[in-house]
Amino acid sequence: MIGGVVDVAALTVDEIEAARAVTPGCGEAIQLNLAGSSMPPLTVRDAQIGHLRAEANSVAFLAAA
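Printed below as a string of structure tokens:
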């Protein structure tokens with residue numbers, strides 16, 4: 032990692048394939064215009080969905096706790 036940025040050239044093919052395996056969007060398309068963001072891995076997606084479910088079942092600001 033260089034200044035918070037991953038040096039992709041330093042990753043092995045296995046590491047790249049492992050990252051793609053937990054990032055469903057990588058199997059759907061090649062996106063070159065991410066505007067400083069990236070496709071979320073499953074752990075991030077699941078956390079977001081879990082938070083939305085918590086908000087749906089309570090007062091939204093209480094779900095943040």
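84 is the number that my numbering gives to position 53 of the sequence shown; each next residue is one higher, with no gaps.
Using N, Cα and C, we set each Cβ at its ideal position, and we do this for glycine too.
Span separating the alpha-carbon of residue i from that of residue j
{"i": "Ala40", "j": "Ala91", "result": "42 Å"}
{"i": "Gly72", "j": "Val44", "result": "Checking the sequence shown, residue 72 turns out to be Pro, not Gly. Roughly 18 Å separates the two Cα atoms."}
{"i": "Arg76", "j": "Glu86", "result": "15 Å"}
{"i": "Gly58", "j": "Glu48", "result": "11 Å"}
{"i": "Ala50", "j": "Ile61", "result": "14 Å"}
Three-way DSSP call (helix, strand, coil) for residue i in this model
{"i": "Asp45", "result": "helix"}
{"i": "Thr54", "result": "coil"}
{"i": "Ile61", "result": "coil"}
{"i": "Ala78", "result": "helix"}
{"i": "Ala95", "result": "coil"}
{"i": "Asp38", "result": "coil"}
Proximity winner among the options, relative to residue i (alpha-carbon distances)
{"i": "Gly81", "options": "Ser68, Ala95, Ser69, Met70", "result": "Ala95"}
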